[in-house]
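Numbering (this note's numbering), first residue to last: 35 to 486.
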């Protein structure tokens, strides 16, 4: 009898709590809260959207408790559902942090019996962001003493054509976070503070690349020499690449963010176009037409292949946004690019007789050294959680590696220009000497004829 009494007491007391286990109360949220162990989740086909919302809500058996171990799927739509009750006497604002892994997140919530929605994510144009300074947040207001049913749809963005590979990675993230305005403002200001040194250094690098690009364009306009056009194309690719890395909260970053799909996938194409332009530049700098015609032929063929692949990659990604092809291109391309980077250097060192060879070797050593440091830092292999004096660790980027390489190659171009001028001067001197010799011979012949 006693056990039965205890059972019914716990049942009656626990029933409301069980029924409201997926409900958050505003007064209980201290700054922020994750939705693990609170929200319920399910998945559906990638094409399902708002039209599927009511159908999913009418199938409670499909929903399960969200935990930190709940799997996500690359080619599915993910749905989160929870209730938010404003148990205060004032309207409350909330931000939802979407994480960088999510390309499109739509937040649905009921207000006055109608579903409203707000959308943001990594592939949402700037003009459609839910907040004006970031694609990582959505914002909503909940009136006093109101209860919202909140459902979030999380999925990768599809292009004009469907995905054509069955990729399993990268996956969307369940890790949405509910933030109060005070915590949100503190987090945003902290991000600005931490990013300011990197933003300043990146601006300097972009300015340097812009000036070099303009200078080379003027040189080509003045002298019409292909070496300036090829080198200018290489630096231009590096400059545009650095622009695409601009932070989203800057005016330039927001302008570029109007074309998020292009901004995301253009960087990989710029890498291949830049390597192609660099190979064209090498044929002129080393004067391979004279020093090694066979090498020039192979360099030009390889350059056309790489630049063609860059165009093909961009076309495919703009049409499909197929992240499987993106991963294949990224990792496969790195395995291809490394031999392309190393083997020609050995070939040049062994086979080309030119005073430009040491400059080429040193330029690539500098690029490789700083590029490796940038890659290790980006992968958190080195300097994780470490700040160097004056935040110089923020300089370790691929764009900075290119700037350092440009310094060496600029010396090479200057040396090449000096050699060309010297050759031209010697050619003119030889021509004048030939004219003088010819004139002297003609004078001698004339004198001989007069004496005769």
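C-beta: ideal position from N, C-alpha, C; glycine also. Computed from a prediction, not measured in an experiment: that's the story for all the values here.
Under 7 Å between the Cβ atoms of residue i and residue j?
i	j	result
residue 117	residue 76	no
residue 154	residue 164	yes
residue 247	residue 273	yes
residue 104	residue 208	yes
residue 438	residue 400	yes
residue 541	residue 82	Absent from the structure is residue 541, since the part of the chain shown begins at 35 and ends at 486.
residue 167	residue 129	no
residue 280	residue 291	no
residue 357	residue 204	yes
residue 137	residue 157	yes
residue 396	residue 442	yes
residue 249	residue 108	no
residue 314	residue 264	yes
residue 348	residue 299	yes
residue 293	residue 344	no
residue 66	residue 226	no
residue 408	residue 431	yes
residue 254	residue 262	yes
residue 377	residue 398	no
residue 244	residue 266	no
Taking just the CA atoms, how far does residue j sit from residue i?
i	j	result
residue 53	residue 98	Reliability fails at residue 53, whose pLDDT of 42 lies under 50, so the model's placement of it is uncertain and the value that follows must be treated cautiously. Each residue's Cα considered, the two are about 14 Å apart.
residue 42	residue 95	Low per-residue confidence applies at residue 42: pLDDT is 36, beneath 50, and the placement is therefore not dependable, though the value from the model is reported in the following sentence. Distance between the alpha carbons of residue 42 and residue 95 is about 26 Å.
residue 45	residue 59	Interpretation of residue 45 is limited by its pLDDT of 33, a score under 50 that renders its predicted location unreliable; no figure is taken from the coordinates.
residue 256	residue 295	37 Å
residue 428	residue 240	14 Å
residue 466	residue 472	10 Å
residue 234	residue 309	27 Å
residue 448	residue 317	16 Å
residue 126	residue 215	9 Å
residue 278	residue 68	31 Å
residue 423	residue 231	11 Å
residue 242	residue 436	11 Å
residue 369	residue 131	35 Å
residue 223	residue 140	25 Å
residue 484	residue 470	21 Å
residue 359	residue 79	20 Å
residue 446	residue 312	14 Å
residue 364	residue 142	35 Å
residue 90	residue 206	19 Å
residue 92	residue 220	39 Å
residue 366	residue 238	32 Å
residue 418	residue 289	31 Å
residue 425	residue 412	15 Å
residue 37	residue 121	Bear in mind that a pLDDT of 43 at residue 37, under 50, signals an unreliable position, so the number given afterwards is only what the model happens to contain. If you take the alpha carbons of residue 37 and residue 121, they lie about 36 Å apart.
residue 455	residue 421	47 Å
residue 468	residue 297	60 Å
residue 462	residue 301	47 Å
Pick out whichever of the options has its Cα sitting closest to the Cα of residue i.
i	options	result
residue 147	84, 133, 180	180
residue 101	87, 74, 304	74
residue 70	212, 123, 304	212
residue 210	381, 225, 185	185
residue 72	63, 484, 201	63
residue 327	436, 382, 411	382
residue 160	122, 425, 416, 284	284
residue 123	61, 87, 253, 132	61
residue 434	236, 459, 219, 244	236
residue 271	258, 251, 252, 303	303
residue 404	392, 440, 377, 454	440
residue 371	88, 402, 393	402
residue 362	199, 426, 460, 410	199
residue 87	144, 251, 121	144
residue 189	457, 258, 84	84
residue 133	478, 393, 169	169
residue 260	480, 336, 451, 297	451
residue 282	301, 325, 258, 229	229
The ligand PLP heavy atoms versus the CB of residue i: any closer than 6 Å?
i	result
residue 231	Among the components modelled here there is no ligand, and therefore nothing to report on the ligand PLP.
Entirely enclosed beta strand (DSSP E) segments - the segment 209-281, minimum 3 residues: 211-213
Stretch-stretch touch, CB-based, cutoff 8 Å, three pairs: the segment 159-179 with the segment 324-333: no
At least 3 beta-carbon pairs within less than 8 Å: the segment 348-356 vs the segment 188-203: yes
Stretch-stretch touch, CB-based, cutoff 8 Å, three pairs: the segment 314-321 with the segment 368-388: yes
Every unbroken alpha helix (DSSP H) inside the segment 284-369 [4 residues or more]: 285-290, 294-319, 322-325, 327-354
Ranges of the beta strand (DSSP E) found wholly within the segment 111-155, counting only runs of at least 3: Restricted to the segment 111-155, the beta strand (DSSP E) segments that are unbroken, complete and at least 3 residues in length are 126-131, 138-145, 148-154, listed in chain order.
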